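These notes concern the structure reproduced below.
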Amino acid sequence: MIHEILPVGMLQCNCSIFGDEATREAIVIDPGDEIESILEVLQRHGLTVKAIVITHAHIDHIGGAQKMKRATGAPVYMNAADQELHQRLDLQAAWLGMPVPETGGIDVAARDGDTLVVGATEIHVMHTPGHTQGSICLWIPSEAKLVAGDTLFSR
Ligand SMILES: [Zn+2]
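Structure (structure tokens):
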């Protein structure tokens with residue numbers, strides 16, 4: 015499986031792209047910003063985005079989601095417990111001195127136990143509240159990888 019990690023935006027949130035080599039389907043996790051760079055990587059690998067997944071509604075993780083959605087037509091997945099936080103992106107932007115990103119609703123509620131399928135790979139949604147109420151982790155058993163958003167910080 016193709017896996018690219020790009021640090022994006024002012025806070026250098028890690029955006030992850032997972033792509034299937036055979037079907038060229040992909041998911042993009044946490045497109046916080048710098049959508050052009052993310053699109054470039056997708057294009058380089060010839061990938062089509064099937065889902066945009068947000069680990070939690072902090073601005074550095076969700077800021078570019080609508081732009082990404084417009085560019086790819088893919089639906090946005092997020093846990094519903096972060097809806098309130100999502101609606102206060104204007105406040106988050108003010109705290110950080112950033113421009114307010116375009117906001118849109120979530121298209122698909124990512125729930126604990128849900129499975130996303132990208133080509134031959136299963137990606138499991140785990141609801142892991144703590145960092146935020148609606149934080150999720152994505153577990154990819156066949157790759158032995160966990161995308162934890164901010165649920166786990168380095169160190
Ligand atoms: Zn966060």
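Residue numbering for the sequence shown follows this note's numbering, starting at 15 and increasing by one per position. Backbone N, C-alpha and C define an ideal beta-carbon position, used for all residues, glycine too. Computed from a predicted model, the values in this text were never measured in an experiment.
Rounded C-alpha distance that separates residue i from residue j
| i | j | result |
| --- | --- | --- |
| A107 | V114 | 5 Å |
| K159 | I41 | 14 Å |
| L110 | D74 | 10 Å |
| N93 | K83 | 17 Å |
| L25 | H72 | 11 Å |
| T165 | G148 | 11 Å |
| G78 | I49 | 6 Å |
| K76 | V132 | What sits at residue 76 in the sequence shown is Ile, not Lys. Going by the C-alpha atoms only, they are around 21 Å apart. |
| C27 | R169 | 16 Å |
| E157 | M15 | 8 Å |
| Q97 | T146 | 11 Å |
| C151 | Q101 | 21 Å |
| V22 | I52 | 9 Å |
| K81 | L105 | 19 Å |
Classification of residue i by the beta-carbon crowding that lies within 10 angstroms, buried from 16 upward
| i | result |
| --- | --- |
| H17 | exposed |
| P45 | buried |
| A36 | exposed |
| G144 | exposed |
| T129 | exposed |
| G119 | exposed |
| G163 | buried |
| L99 | buried |
Assumed close pair residue i, residue j - CB separation to whole angstroms, cut-off 8 Å
| i | j | result |
| --- | --- | --- |
| D34 | T135 | 6 Å |
| W153 | H138 | 5 Å |
| A124 | V161 | Between V161 and A124 the Cβ distance is about 12 Å, and since that is not below 8 Å, they are no contact. |
Cβ-based neighbour list, residue i, same chain, cut-off 7 Å, excluding 5 preceding and 5 following
| i | result |
| --- | --- |
| V5 | Not covered by the structure: residue 5. The range shown for the chain is 15 to 169. |
| D126 | V139, M140 and H141 |
| T86 | V63 |
| G60 | R38 |
Own chain partners of residue i with C-beta closer than 6 Å, once the 5 adjacent residues on each side are dropped
| i | result |
| --- | --- |
| T117 | L103 |
| D121 | P89 and V90 |
Same chain only: Cβ atoms within 8 Å of residue i, ignoring 5 sequence neighbours per side
| i | result |
| --- | --- |
| A155 | Checking the sequence, you will find Pro at residue 155 rather than Ala. Excluding sequence neighbours, P155 sits near E136 and H138. |
| T69 | I43, D44, H75, S149, I150, C151, L152, V161, A162, G163, D164 and T165 |
Contact test: residue i Cβ vs ligand 3 heavy atom, cutoff 6 Å
| i | result |
| --- | --- |
| H72 | As far as ligands go, the structure on display features ligand 1 and does not contain ligand 3. |
- Ranges of the alpha helix (DSSP H) found wholly within the region 40-67, counting only runs of at least 4: 49-59
- Continuous alpha helix (DSSP H) assignments of at least 4 residues falling wholly in the region 69-131: 73-76, 79-86, 97-101 and 103-110
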